[in-house]
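Asks: Residue numbers (mature numbering (1 follows the signal peptide of the UniProt record, and there is no 0)): -21 to -1, 1 to 401.
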């Protein structure tokens, strides 16, 4: 009798969980031409949307837990859209994190749309397109029980960076960066940052070593749910780069790892989730003096990279009054001509924007002038785990993107004008 009750209870629990499980993918209305928002037809399940009133397009490409397309036509039609048109193109790739997906009602989808609208407003001369990389970040809708899916969803996000996911990113880059006026910004958030990192880290490092450039114009990992140990080899390799790749004191990076000091998800929660597995994981057999002196193997494996102090190269701060503002940019050449090497030396904050202020401070870390920055923000820039609605943060990102793109264009011009050696 007792066994029958246990069996009935288990069956009831399984039935409950199956009822709470979200659908696998959402963009089932596959079309080559974008669905016009506000038109007669509904666009909630469309893979391509055209937001005519706000002047941007949004494409969705969804992946299963193995990193394969749910429907490869989603990728095909997004790529076709990117190749169409003649005006300069501003493209933003976004990979979401835990508890999210590509549903029209998903909080991240709505916030990403708001971000694209703001980008178009600030860059009216560009054709703006967002690419939302969807995966099963949410597998249970049940309260409390959904919090137990972290380990399973982390494992799934780690697999995303293989195969079609990576191939699609590289195809987008080829389609966008075929013209120097185009801009490509790639963002991975939380577990989405893990997927992006796994897909691109090897290619990024190889390109930096050979050509001094990374992926697209700027690659961002925001509040990444990635342990610091995963960055040891990358940190050491960047530190070993030769000039001019690593020595330009005013150069902006091609890869930024940005973590908020106020992010509890990648702070205490991440450490708690990693505490036991980290006991059984090994890191590199040999460490540089920095790692040996500053952290144990367990700390490296249990600490999210955005909270690992020894690697931090910069700190981004804002006044509390700047939370909802996107302040005008200061002309650093005119206003700060007397401090041309501010990134290289002093620890005084450099104001990037006029009042209300947004300040970037270089920290005394190795490889702080290289193509990889580890940036910590204060709570006024990023008050929690999210970032999509933080205007000062977006201002800093767009400023960095333009600086990086200008550097790449200048480098190409110099290379083309330099006569070949005998």
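The beta-carbon is built from N, C-alpha and C at its ideal position, and this holds for glycine as well.
Round the Cβ separation of residue 46 and residue 142 to the nearest angstrom and send it over; I've been treating them as touching at under 8 Å.
Replies: Taking the chain shown and counting its residues from 1, one reaches residue 46 at position 67. Taking the chain shown and counting its residues from 1, one reaches residue 142 at position 163. With a Cβ gap of about 5 Å, residue 46 and residue 142 count as contacting.
Asks: Can you give the Cα-Cα distance for residue 157 and residue 163, rounded to whole angstroms?
Replies: The sequence position of residue 157 within the chain shown is 178, counting from 1. The sequence position of residue 163 within the chain shown is 184, counting from 1. When rounded, the distance between both Cα atoms is 11 Å.
Asks: First and last residue of the alpha helix (DSSP H) that includes residue 180?
Replies: For the purposes of this step, residue 180 is taken as residue 201 along the chain shown, with counting starting at 1. From DSSP, the alpha helix (DSSP H) with residue 180 extends over 170 to 190.
Asks: Whole angstroms is fine: what's the gap from residue 248's alpha carbon to residue 205's?
Replies: Sequence index remark: in the chain shown, residue 248 carries index 269 (1-based). Sequence index remark: in the chain shown, residue 205 carries index 226 (1-based). For residue 248 and residue 205, the distance between alpha carbons rounds to 12 Å.
Asks: Could you give the first and the last residue of the continuous alpha helix (DSSP H) run that contains residue 152?
Replies: As a working mapping, residue 152 is identified with position 173 in the chain shown. Note, residue 152: alpha helix (DSSP H), 143 to 155.
Asks: Hey, how far is the Cα of residue 21 from the Cα of residue 14?
Replies: The sequence position of residue 21 within the chain shown is 42, counting from 1. The sequence position of residue 14 within the chain shown is 35, counting from 1. Roughly 8 Å separates the two Cα atoms.
Asks: Classify residue 165 as buried or exposed, calling it buried when 16 or more other Cβ atoms lie within 10 Å of its own Cβ.
Replies: Taking the first residue of the chain shown as 1, we reach residue 165 at position 186. Answer is buried; the Cβ neighbour count reaches 16.
Asks: On the DSSP letters alone, give me the boundaries of the beta strand (DSSP E) that residue 356 sits inside.
Replies: Here residue 356 refers to the residue found at position 377 when the chain shown is read from its first residue. Start and end: 351 to 356.
Asks: Can you tell me whether DSSP reads residue 12 as helix, strand or coil?
Replies: As a position in the chain shown, residue 12 is number 33, starting the count at 1. Reduced to three states, the DSSP call for residue 12 is coil.
Asks: Should residue 153 go down as buried or exposed, given a rule of 16 or more other Cβ atoms within 10 Å for buried?
Replies: Position 174 of the chain shown, counting from 1, holds the residue named residue 153. Flag for residue 153 reads exposed.
Asks: Note down the Cα distance separating residue 128 from residue 95, rounded to an integer number of angstroms.
Replies: For this step, residue 128 is matched to residue 149 along the chain shown. For this step, residue 95 is matched to residue 116 along the chain shown. For residue 128 and residue 95, the gap between their C-alpha atoms comes out near 30 Å.
Asks: Whole-angstrom Cβ separation of residue 78 and residue 117, contact assumed at under 8 Å?
Replies: Sequence index remark: in the chain shown, residue 78 carries index 99 (1-based). Sequence index remark: in the chain shown, residue 117 carries index 138 (1-based). Their Cβ separation, rounded to whole angstroms, is 5 Å, which keeps residue 78 and residue 117 in contact under 8 Å.
Asks: Please classify residue 189: is it buried, with 16 or more other beta-carbons within 10 angstroms of its beta-carbon, or exposed?
Replies: In the chain shown, counting from the first residue as 1, residue 189 sits at position 210. Exposed: under 16 other Cβ atoms inside 10 Å.
Asks: Do residue 371 and residue 342 have their CB atoms nearer than 7 Å?
Replies: Stepping through the chain shown from its first residue, residue 371 is reached at position 392. Stepping through the chain shown from its first residue, residue 342 is reached at position 363. Taking 7 Å as the Cβ cut-off, residue 371 and residue 342 do not qualify as a contacting pair.
Asks: Could you tell me whether the region 357 to 369 touches the region 286 to 296, using the rule of 3 or more Cβ pairs below 8 Å?
Replies: yes
Asks: Can you round the beta-carbon distance between residue 111 and residue 73 to whole angstroms, since I take them to be within the 8 Å contact cut?
Replies: In the chain shown, the residue the question calls residue 111 occupies position 132. In the chain shown, the residue the question calls residue 73 occupies position 94. Yes, they are in contact, since the Cβ atoms of residue 111 and residue 73 sit about 6 Å apart, within 8 Å.
Asks: Determine the contact status of residue 107 and residue 35, defining contact as a CB-CB distance below 7 Å.
Replies: On the chain shown, position 128 is the one that residue 107 refers to. On the chain shown, position 56 is the one that residue 35 refers to. The answer is yes: Cβ separation under 7 Å.
Asks: Where does residue 159 land, buried or exposed, given buried means 16+ other C-beta within 10 angstroms?
Replies: For the purposes of this step, residue 159 is identified with residue 180 of the chain shown, where counting begins at 1. Counting Cβ neighbours within 10 Å, residue 159 comes out exposed, since fewer than 16 surround it.
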